[in-house]
């Protein structure tokens, strides 16, 4: 059987399929399914513990993203059945897959909607579990980085046995992993260099471009003790106790946010506090029982439970010069007040990093329950049928602690002397019942407990999801042709998904600095029917070992969008035993998910580079769903060959290469605020209504709702090569086997195309982990070399990410048409390449017919390769931010 088809005739699929075996997982010593897929070049790194440090939702989750089209475009199956999504965005957290039971993982790198339904636009991942395990398997592993952090402890056990005189079989597994984190940017030398982009308000002057990416970048409008940013005392900074003041040293090109050099080394507020890697704890439990009622009918019952808890620290509250302080503020030191009075100033701009008030903390917990019951059987000889019912339930809790309440904070900072001579909030003069407690903004450690209690709070979001699936399938041979049987498969499926959620009252008012959940309620229902066939055309002729045609069609009736058709046509041509050609053409669909349709408005803040005013600002970002979305329609074409010579030294060699071309119309996406601003500034009027500016032209808010964008398009080539060489072929006395494997993906284009132009983000590797518009390298390669002799196995694993652009919307000296006078010019628009080498080994301490005990150890990122130059920690999407790490463990099979 091959994923990508519902047929069970064992034919070779026309759709490209990559198979990752359990042996590969053991060789690479990965601890979960997400780590295994992360090494496959066709996948773009998505959510993982090293990319969710800036986020407040799904912390520590692992989502699979084929082709860089977004994780919601990749369908995840377990034994051919949909797995319940872990989020309202329709994405499956791979932490919930029981690693020890994974027999193999099949990846269809092309459209498969006709075979499996909505969501398979980029492809399908099918985890095949060992539900017939007989005996016991267990493993324990510990790892740690060279810096003494990023510790990881994994323990897993699985067992299976027969019952009822062999008519029944039961399998169970339990897995626990406790993964530690890595602190903020200053915990790694490469990040402590304080790389950031600083803007230049006068592009071209002195030969300097509009943006400069460099190190030693400090904040120019805030300090831990406070900084006056406007007025006659601009540049006055306050000491720790708030009673003393010293002059602030401005560096080069001070903007509204950053500068090069100057005061603030080691104190960049946008690098402090945010985890490089978030700590995660997860538990996975799984059981599967099957029973043969007779020779024709079998049944099974399956249940699983997953628990994932991720914690992070999302930085300190920051006020980059955007506070206005009255000169009469009673907390202001007397000397400073006198100087302001002498200058006739009544107020001044003020910025501060509120490090003494603690970090914003995130705590996300997802509990996933799944029960499946099914029957299968056969009739009329080779005809088979199966059906199942699945119920899934997810409880999600998001708690954001120590979260500033923005308006309360502003009220508390605006203090005065009340009628009784006591310092109080100015708002209390007109509203005595406001509950406001005055906050001393000068210095550190000067904020009272009452003021912090008023200005800070806890944001809470709870979401519950339910999924019901009932499906039935039948497949077999219709009749015989000279070249073989005509096989068909057909089936029906009905799926219902519901989600409801609630948030605290302040979150619903988008009152918090970070997070801000909302009430949530929505449902999706779909009924589908499909038909698939394989028709053998030719067989055993000169230059034609076999030629077959594969076709499929699916009708999907959605409760919101109505009837949609998806289809696939494929061709497999085996020239002989060692050359096969294949091609597919498909129409694929993806209906909007619950979050895209019904997601509540949520507020966050981020830094925006505004090329109109050559400035950087911190703006509010409002994300939300959109009930008017329509389904995406994808057109996919693949064509390739498989070369498997069977003579001489080439025996054991396999090579495949497949071209892919995916065009996604009405693509649903929520672009990043920076993408929207950049597109608007470049003249794309489609996005300008989402950019809100004040009367001075400064960006204050960017709305990022889910939208049906015009088109996404990607194309490229996947290459896979394998070679097993018994060394006795080289020299008869040489023991052991050398195995070589290469996976490579080349992406020529990944475009967003609108009515006013296109944006191609292939060959861009400088994108942020929080980017909604996901960039990809042009070349990604993964290589393994394994030597096995007797009880010893040694594996060298290499992973290469090609260098690329920092930002394809910018122009650097390396690009055609560069001029420092351009508003989108930058001093360098390139991110370097990286090659990571892992050295892994294992040794069988005991190996008998009934028992195997294996010790293994490994070093990942052997050369301690640092990420290439890019802003802060923002390039952790593709590059390893942790550094050299060590692991060791033991496996037992009984």
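Residue numbers (the working numbering): 679 to 1572.
Glycine included, C-beta positions come from ideal geometry on N, C-alpha and C.
Legend entry - Cα-Cα separation, residue 766 to residue 896: Here residue 766 refers to the residue found at position 88 of the chain shown. Here residue 896 refers to the residue found at position 218 of the chain shown. The straight-line gap from Cα to Cα measures roughly 38 angstroms.
Legend entry - Cβ neighbour criterion (16 or more within 10 Å) applied to residue 845: By 1-based counting over the chain shown, the position of residue 845 is 167. Per the 10 Å Cβ criterion, exposed.
Inset, instruction - Out of 1328, 1393 and 1466, state which residue places its alpha-carbon closest to the alpha-carbon of residue 1313. - result: In the chain shown, the residue the question calls residue 1313 occupies position 635. Closest option to residue 1313, Cα to Cα, is 1393.
Legend entry - Residues that DSSP places opposite residue 1585 in a beta bridge: With the chain covering only 679 through 1572, there is no way to say anything about residue 1585.
Legend entry - Collapsed DSSP secondary structure at residue 998 in the structure displayed: Sequence index remark: in the chain shown, residue 998 carries index 320 (1-based). Three-state result, residue 998: strand.
Legend entry - Residues of its chain near residue 1235, where Cβ-Cβ distance is below 6 angstroms and the 5 sequence neighbours each way are ignored: Working through the chain shown from its first residue, we reach residue 1235 at position 557. If we look at residue 1235 and ignore the five residues flanking it on each side, its Cβ neighbours are 1205 and 1241.
Legend entry - N- and C-terminal bounds of the beta strand (DSSP E) containing residue 872: By one-based count along the chain shown, residue 872 stands at place 194. Note, residue 872: premise wrong, no beta strand (DSSP E); not H, not E.
Legend entry - At least three beta-carbon pairs within less than 8 angstroms, the stretch 1161-1179 to the stretch 1190-1206: yes
Legend entry - Contact set for residue 1090: own chain, Cβ-Cβ below 8 angstroms, skip 5 residues either direction: Counting from 1 along the chain shown, the entry for residue 1090 is found at position 412. Correct list, in chain order: 1103, 1114, 1115, 1116, 1117, 1129, 1132 and 1133.
Legend entry - Local conformation of residue 702 per DSSP, three classes: Here residue 702 corresponds to residue number 24 of the chain shown, with the count starting at 1. Residue state, collapsed to three classes: helix.
Inset, instruction - Look at residue 695 and residue 751 and say whether their C-beta atoms are less than 9 angstroms apart. - result: Here residue 695 refers to the residue found at position 17 when the chain shown is read from its first residue. Here residue 751 refers to the residue found at position 73 when the chain shown is read from its first residue. Not in contact: residue 695 and residue 751 (Cβ atoms no closer than 9 angstroms).
Legend entry - residue 779 versus residue 802: straight-line alpha-carbon distance, rounded: Working through the chain shown from its first residue, we reach residue 779 at position 101. Working through the chain shown from its first residue, we reach residue 802 at position 124. The alpha-carbon atoms of residue 779 and residue 802 are separated by roughly 19 angstroms.
Legend entry - For residue 792, the three-state DSSP class (helix, strand or coil): Position 114 of the chain shown holds residue 792. If DSSP states are grouped into helix, strand and coil, residue 792 belongs with the helices.
Legend entry - Of the residues 864, 1398, 1396 and 1356, the one placed nearest residue 1380, counting alpha carbons only: Reading the chain shown from its first residue, position 702 is the one you call residue 1380. Here the closest residue by C-alpha is 1356.
Inset, instruction - Could you say which of 1215, 1496, 812 and 1219 lies nearest to residue 840 if we only look at CA atoms? - result: Here the question's residue 840 lines up with position 162 in the chain shown. Closest option to residue 840, Cα to Cα, is 812.
Inset, instruction - Specify, as a first and last residue, the run of the alpha helix (DSSP H) that residue 1132 falls within. - result: Taking the first residue of the chain shown as 1, we reach residue 1132 at position 454. Here the alpha helix (DSSP H) through residue 1132 covers 1127-1133.
Legend entry - Closest by C-alpha distance to residue 776, when choosing among 826, 854 and 706: Numbered from its first residue, the chain shown carries residue 776 at position 98. It is 854.
Inset, instruction - Reducing DSSP to helix, strand and coil, say where residue 863 ends up. - result: In the chain shown, the residue the question calls residue 863 occupies position 185. If DSSP states are grouped into helix, strand and coil, residue 863 belongs with the helices.
Inset, instruction - Provide the residue span of the beta strand (DSSP E) that contains residue 693, from first to last. - result: Within the chain shown, the letter at position 15 stands for residue 693. Counting along the chain, residue 693 falls outside any beta strand (DSSP E), and DSSP gives it neither H nor E.
Inset, instruction - Assign residue 1561 to one of three DSSP states: helix, strand, or coil. - result: For the purposes of this step, residue 1561 is taken as the residue at position 883 of the chain shown. Here residue 1561 sits in coil by DSSP.
Inset, instruction - In angstroms with no decimal places, state the Cα-to-Cα distance between residue 1401 and residue 1319. - result: As a working mapping, residue 1401 is identified with position 723 in the chain shown. As a working mapping, residue 1319 is identified with position 641 in the chain shown. Rounded to the nearest angstrom, the two C-alpha atoms are 17 angstroms apart.
Inset, instruction - Specify, as a first and last residue, the run of the alpha helix (DSSP H) that residue 745 falls within. - result: Taking the chain shown and counting its residues from 1, the one referred to as residue 745 is at position 67. From DSSP, residue 745 is part of no alpha helix (DSSP H); its letter is neither H nor E.
Inset, instruction - Note down the Cα distance separating residue 1450 from residue 1346, rounded to an integer number of angstroms. - result: Taking the chain shown and counting its residues from 1, one reaches residue 1450 at position 772. Taking the chain shown and counting its residues from 1, one reaches residue 1346 at position 668. Any answer about residue 1450 is weak, because its pLDDT of 47 lies below 50 and its placement is not dependable; what the coordinates show is given next. Roughly 11 angstroms between the two C-alpha positions.
Inset, instruction - Would you mind working out which of 876, 1467 and 1019 sits nearest residue 1522, comparing C-alpha positions? - result: To locate residue 1522, count along the chain shown from 1; it is residue 844. The residue with the shortest Cα to Cα distance from residue 1522 is 1467.
Legend entry - Length of the line joining the Cα atoms of residue 838 and residue 1528: Locating residue 838 in the chain shown gives position 160, counting from the first residue. Locating residue 1528 in the chain shown gives position 850, counting from the first residue. If you take the alpha carbons of residue 838 and residue 1528, they lie about 14 angstroms apart.
Inset, instruction - In angstroms with no decimal places, state the Cα-to-Cα distance between residue 865 and residue 923. - result: Stepping through the chain shown from its first residue, residue 865 is reached at position 187. Stepping through the chain shown from its first residue, residue 923 is reached at position 245. When rounded, the distance between both Cα atoms is 30 angstroms.
Legend entry - CB contact flag (residue 1437, residue 1376, <9 angstroms): On the chain shown, position 759 is the one that residue 1437 refers to. On the chain shown, position 698 is the one that residue 1376 refers to. The answer is no: Cβ separation not under 9 angstroms.
Legend entry - Check: residue 1023 C-beta below 8 angstroms from any heavy atom of the ligand NAP: Inclusion of the ligand NAP in the displayed structure is not the case, the ligand content being empty and no account of it being possible.
Legend entry - Length of the line joining the Cα atoms of residue 836 and residue 758: What you label residue 836 is simply residue 158 of the chain shown in a count that begins at 1. What you label residue 758 is simply residue 80 of the chain shown in a count that begins at 1. Answer to the nearest angstrom: the Cα atoms are 21 angstroms apart.
Inset, instruction - Pick helix, strand or coil for residue 1087, following the three-state DSSP scheme. - result: Reading the chain shown from its first residue, position 409 is the one you call residue 1087. Note: residue 1087 maps to helix in three-state DSSP.
Legend entry - Whole-number beta carbon distance between residue 1503 and residue 888, since they are thought to touch under 8 angstroms: Locating residue 888 in the chain shown gives position 210, counting from the first residue. Locating residue 1503 in the chain shown gives position 825, counting from the first residue. Yes, they are in contact, since the Cβ atoms of residue 888 and residue 1503 sit about 5 angstroms apart, within 8 angstroms.
Inset, instruction - Helix, strand or coil for residue 623, going by three-state DSSP, please let me know. - result: It is not possible to answer for residue 623, since the shown part of the chain is limited to 679 through 1572.
Legend entry - Span separating the alpha-carbon of residue 1448 from that of residue 890: In the chain shown, the residue the question calls residue 1448 occupies position 770. In the chain shown, the residue the question calls residue 890 occupies position 212. Because the pLDDT of residue 1448 is 49, which lies under 50, any placement of that residue in the model is unreliable, and the number read from its coordinates should be weighed accordingly. Roughly 22 angstroms between the two C-alpha positions.
Legend entry - Exposure of residue 1267, with buried meaning 16 or more beta-carbon neighbours within 10 Å: On the chain shown, residue 1267 is found 589 positions in, with the first residue counted as 1. Looking at its Cβ environment, which holds 16 or more other Cβ atoms inside 10 Å, residue 1267 is buried.
Legend entry - Distance between beta carbons of residue 950 and residue 882, contact taken as under 8 angstroms: Counting from 1 along the chain shown, the entry for residue 882 is found at position 204. Counting from 1 along the chain shown, the entry for residue 950 is found at position 272. Their Cβ separation, rounded to whole angstroms, is 33 angstroms, which puts residue 882 and residue 950 out of contact at 8 angstroms.
Inset, instruction - Check residue 775 in the structure and name its three-state DSSP category. - result: The sequence position of residue 775 within the chain shown is 97, counting from 1. The answer is coil: DSSP assigns residue 775 none of H, G, I, E or B.
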